[in-house]
Amino acid sequence: MATIKKVDEGRIRVADVTIAQLSRGLYRSTATAFKELISNAFDADADDIRIDTNFPEFDYISCVDTGKGMPIEKFINHFGEEGIGSSQKRKGNKEVTEKYKRPIVGRMGIGMLAIGQLCHSFEIESHYYNDKKKGVAYKGRIILEDSDIQGVDEIVKNDDEENNNIDVGRWSYELIDFEESKIGFHIYSNDIRQTFRRDMTEAVKLNDQYKKIHFSFEDLHKEFYDKTKKSIRNWHLYLETIWELSILCPLPYTCDVTETPINTQKILPGEKRTKDYQQVMAFLKKKQSQFEKFKFKVFFDGIELKRLIQFPTEDDIKFSKIFFVDFNEEVFGKQLKFTGYIFSQIPKAISPFELNGIQIRVRGVGIGGYDSTFLRYYNQIDTIRSRWISGEIFVDDGLEAALNIDRDSFNEHDEHFKKLQKVIHEKLNTVFHESSKTATELSEEKKEKKSDDLKHDFKDFVKEGSHGKFQLVEKSVKGNEEAVFFDDTNKHLIINNAVTTFKKKNANNVYKAIRIAYLIAKETTKSEIERDEVFENLVKGIIQKLI
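Position in the sequence shown (from 1) plus 747 gives the number in the numbering used here.
Okay, here's the thing in structure tokens:
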């Protein structure tokens, strides 16, 4: 049991050699480091968490949540006695939080150390009610000493068997007066790593568009994200961090048209009648309701983050297909349950491409963003059609053992991951087959329409070019080797379908256009000079129609 003094200090201990490397920077991106702090607030039943980076100076970081706070005993145990990595969040098979019944995200208790990727030291302040309903508060200071952490090879070779835990810095605390208005957990730092500050400030300086930033997510979406048809990375680290957090956090969908990421107004009636569509919509509405009941908000520099995902991502998409994914079985003695959807917009790429791929969500939190390899689905990944596809898979039971320590990737040899991968790949076989089939049908329709339009253009051109003297007629005339010829008796220009001058259709159309212009000029003019002038003008006119 932790001994509580008014003021105390000690060495920060971690429970595992691997966890010791966290303060050197384990997380893939700035957003995934912040995500760990947000997950802690989510687990603490906070109504909101507010992250401040002091934009555009980035010389200060604070994370303030309105959760139940961290008791002083846990602080001492966490940093000093048992060590970081000895979390008791899930002890006693506890799976949901007390107040909002949120699925508990954390397992090991290493999330707070994620801020070590952004700063060298930080202060914390916690105000809470203890078991006796008495208000308690304290301030703590954490100084990380990652430069002195032994490398893994050094520790493995160390013969000192008693050195089971590893020092990564120093901690201290002092009890302070409790303030009810401050209930929650606060983290502050002005000891910012130069790499973080430099990358953030350079991101702002690199783009003049940053001057247009408005501190509402809807405005950011309209001004930056919604216009970024290729990649969010075009806007560099600051806006990329905000975007990534909005996708990864356990937040409800906030869409312009519907309460789900599928814009039902853009779905054709035939698709709406499919079983897959109806199952997906029922599932998404249920999932949306669950997220809303969590009553959790995330603010980044005053911007309330929202999951503004809306499919299709292009206004002129002609056809979309929706596929339902559902699995609930025991795999190697443990239950694995996941549900989700895969969306295909035909025939244009998902934009921005950060939404292209499959997003795996464990306990509501995104793991690693959208995977554009589709969990290494290499059968079709090299085709342009893979860019049409996006989807989300929500894991409600299992797979957590497959999570790597950064909670941003998976051990791909884990049995639960292999089963998830197999199910997704089998579904993708259907997705690509159906999408390709639909794309082919749309392409044929487009070709037919283009051919019909061209016929009308040619007819109009002949009528206008000859001032109503000639008509264009299409028919097959065997024995005549001319692709286009003039019927003097009927005053018809004949397109002879029995003759193909070139193998390529476009080349044939250009040849026919030039031949039509030549015959009109020949039959409607008397002098060579006039004929040349009319021919040139007609060629310009018909080529413009073709292009």
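Cβ atoms here follow ideal geometry from the backbone N, Cα and C, with glycine treated the same way.
This one's a predicted model, so the numbers in the text were calculated from it and none came from an experiment.
- Closest option to D1199, judged by alpha-carbon separation, among V1112, L1293, G1116, L1266: L1293.
- The residues A1268, K1269, T1272, in chain order, have a CB closer than 8 Å to that of R1278 in the same chain once the five nearest residues on each side in sequence are set aside.
- In the three-state reduction of the DSSP assignment, T1086 falls in the strand class, which pools E and B.
- Contact annotation: T779 and D1155 have beta-carbon atoms nearer than 9 Å.
- Of the residues assessed, S936 falls on the buried side of the cut-off, its CB having 16 or more other CB atoms within 10 angstroms.
- Contact between F1232 and N1243 holds: their C-beta atoms lie close to 7 Å from each other, under 8 Å.
- From the listed residues L1167, L1146, I1136, the smallest Cα separation to E1181 is found for I1136.
- In chain order, Q1082, L1083, K1084 place their CB closer than 7 Å to the CB of D1144, counting only its own chain and leaving out the 5 sequence neighbours on each side.
- Assignment of S1133 by DSSP, reduced to helix, strand and coil, places it in the helix class.
- Around the beta carbon of Q941, a 10 Å sphere encloses fewer than 16 other beta carbons of the protein chains shown; the residue is thus reported as exposed.
- Taking the Cβ atoms as the reference, L865 lies roughly 15 Å from I796, outside the contact range of under 8 Å.
- Distance from I759 to G887 at the Cβ level is roughly 11 Å; contact not present, criterion being Cβ atoms closer than 8 Å.
- An exposed status is given to Y1125, since fewer than 16 other beta-carbon atoms sit within 10 Å of its beta-carbon.
- In terms of Cα proximity to H1214, the closest of S928, L1285, I785 is L1285.
- DSSP links H874 through a beta bridge to A884, G931.
- For I1097, the secondary structure class from DSSP, reduced to helix, strand or coil, is coil.
- Straight-line measurement puts the Cα of D1023 at about 5 Å from the Cα of F1070.
- In the three-state reduction of the DSSP assignment, S1036 falls in the helix class.
- Nearest C-alpha to H961 among E1101, I1050, D812: I1050.
- By the neighbour-count definition (other C-beta atoms within 10 Å, threshold 16), S873 is a buried residue.
- Assigned with DSSP and collapsed to three states, Q1092 falls in strand.
- Between H1172 and S1190, the alpha-carbon positions lie close to 26 Å from each other.
- Following the DSSP letters along the chain, one finds K1044 inside the beta strand (DSSP E) bounded by residues 1044–1047.
- For Y920, the beta-bridge partners assigned by DSSP are D755, G887.
- Residue state for K1081 is assigned as strand, using DSSP reduced to three classes.
- The beta carbons of V1220 and H1239 sit about 5 Å from each other, so the pair counts as a contact at 8 Å.
- Straight-line measurement puts the Cα of L1031 at about 50 Å from the Cα of I1290.
- Linking F789 to L1175 through their CA atoms gives a straight-line distance of about 33 Å.
- Around the Cβ of Q1012, a 10 Å sphere holds fewer than 16 other Cβ atoms; the residue is exposed.
- Contact check for L1167 against L1201 fails: the beta carbons are separated by 9 Å or more.
- Around T988, the same chain offers T777, A778 as residues with beta carbons nearer than 6 Å, after the five sequence neighbours per side are excluded.
- Between C996 and V1045, the gap from beta carbon to beta carbon is short of 9 Å.
- Inter-residue distance for Q1025 and F1066 is about 17 Å (C-alpha atoms, whole angstroms).
- Residue pairing for H1239: DSSP places it in a beta bridge opposite Q1218, D1234.
- For the pair G1138 and I1089, the CB atoms are nearer than the 9 Å cut-off.
- By the neighbour-count criterion, in which 16 or more other beta carbons inside 10 Å mark a residue as buried, F1058 falls on the buried side.
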